[in-house]
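> Residue numbers (full-length UniProt numbering): 1 to 119.
For glycine and all other residues, C-beta sits at the position ideal for the given N, C-alpha and C.
On a predicted model such as this, the values are computed, not experimentally measured, just so you know.
Input: one structure, supplied below.
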Amino acid sequence: MYTGSCLCGAVRYEIHGDVDHATICWCTMCQKQHGAANGPYANVASSALRIVAGAAGITRYASSPGVERAFCSVCGANLTWQMAEHSSRIAVTLGTFDTPYEGLVTDELHTDSKPGWLP
Ligand SMILES: [Zn+2]
Ligand SMILES: [Zn+2]
């Protein structure tokens with residue numbers, strides 16, 4: 001099991017299952033949402049993810065048709081990314097994990113929009 005939380009600690013979650021794979025998304029939408037070079041995600045079964053605190057404080061934003069991003073309404077920490085079309089899966093932001101993820105990122109998406117300012 002993995003546990004995770006947002007920056008302010010209001011939202012806490014548990015993942016009762018394995019991380020199927022981890023991805024880094026370099027798309028410009030992830031850059032905007034994360035305020036960073038990329039968005040790192042752990043792909044898990046939706047049924048494995050349980051919000052154990054602060055569910056009412058989660059804001060959901062449809063960043064494009066059929067795609068929903070969720071974040072803490074207080075601190076803005078990005079929590080999940082999900083496609084309605086594949087609702088049995090959900091991508092949880094690796095940066096909010098409290099249990100260290102021991103695996104490696106296996107997929108990089110939209111590498112064509114990697115920013116040029118990376119070291
Ligand atoms: Zn928060
Ligand atoms: Zn992205």
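Would DSSP call residue 48 helix, strand or coil?
Position 48 of the sequence shown, counted from the first residue, corresponds to residue 48. Helix, per DSSP.
> With a CB to CB cut of under 8 Å and the five nearest residues on each side skipped, what residues in its chain are close to residue 114?
On the sequence shown, residue 114 is found 114 positions in, with the first residue counted as 1. The residues are 26, 37 and 38.
> Rounding to the nearest angstrom, what Cα-Cα distance links residue 3 and residue 24 in this structure?
Here residue 3 corresponds to residue number 3 of the sequence shown, with the count starting at 1. Here residue 24 corresponds to residue number 24 of the sequence shown, with the count starting at 1. When rounded, the distance between both Cα atoms is 20 Å.
> Sorted by chain position, which residues of the same chain lie with C-beta nearer than 8 Å to residue 109's C-beta, five sequence neighbours on each side aside?
On the sequence shown, position 109 is the one that residue 109 refers to. Cβ within range, chain order: 23, 24, 25, 26 and 27.
> Any residues whose CB sits closer than 6 Å to a heavy atom of ligand 1? List them in chain order?
Counting every residue whose Cβ lies closer than 6 Å to a heavy atom of ligand 1, we get 6, 7, 8, 10, 11, 72, 74, 75 and 77.
> Excluding the 5 residues preceding and the 5 following residue 48 in the sequence, name in chain order all residues of the same chain whose CB lies nearer than 7 Å to its CB.
Within the sequence shown, the letter at position 48 stands for residue 48. Answer for residue 48: 15, 16 and 17, listed in chain order.
> Candidates 103, 45, 44 and 84: which alpha carbon is nearest residue 60's?
Your numbering for residue 60 matches position 60 in the sequence shown. Of the candidates 103, 45, 44 and 84, the one whose C-alpha sits nearest the C-alpha of residue 60 is 84.
> Count the other CB atoms, across all protein chains shown, that sit within 10 Å of the CB of residue 5; report buried if there are 16 or more and exposed otherwise.
Against the sequence shown, residue 5 aligns to sequence position 5. It is buried - the Cβ of residue 5 has at least 16 other Cβ atoms within 10 Å.
> Just to confirm, is the Cβ distance from residue 42 to residue 91 under 8 Å?
If you number the sequence shown from 1, residue 42 lands on position 42. If you number the sequence shown from 1, residue 91 lands on position 91. Yes, the Cβ-Cβ distance between residue 42 and residue 91 is below 8 Å.
> Scan the UniProt domain "CENP-V/GFA" (2 to 118) and note each continuous alpha helix (DSSP H) run of 4 residues or more that stays entirely inside, going in chain order.
Listed in chain order, the complete alpha helix (DSSP H) runs (minimum 4 residues) inside the UniProt domain "CENP-V/GFA" (2 to 118) are 28 to 34.
> Take residue 8 and list the residues in its own chain whose beta-carbon comes closer than 8 Å to its own, dropping the five residues that flank it on each side.
Walking along the sequence shown from the start, residue 8 turns up at place 8. For residue 8, where only same-chain residues beyond five positions count, the Cβ hits under 8 Å are 72, 74, 75 and 77.
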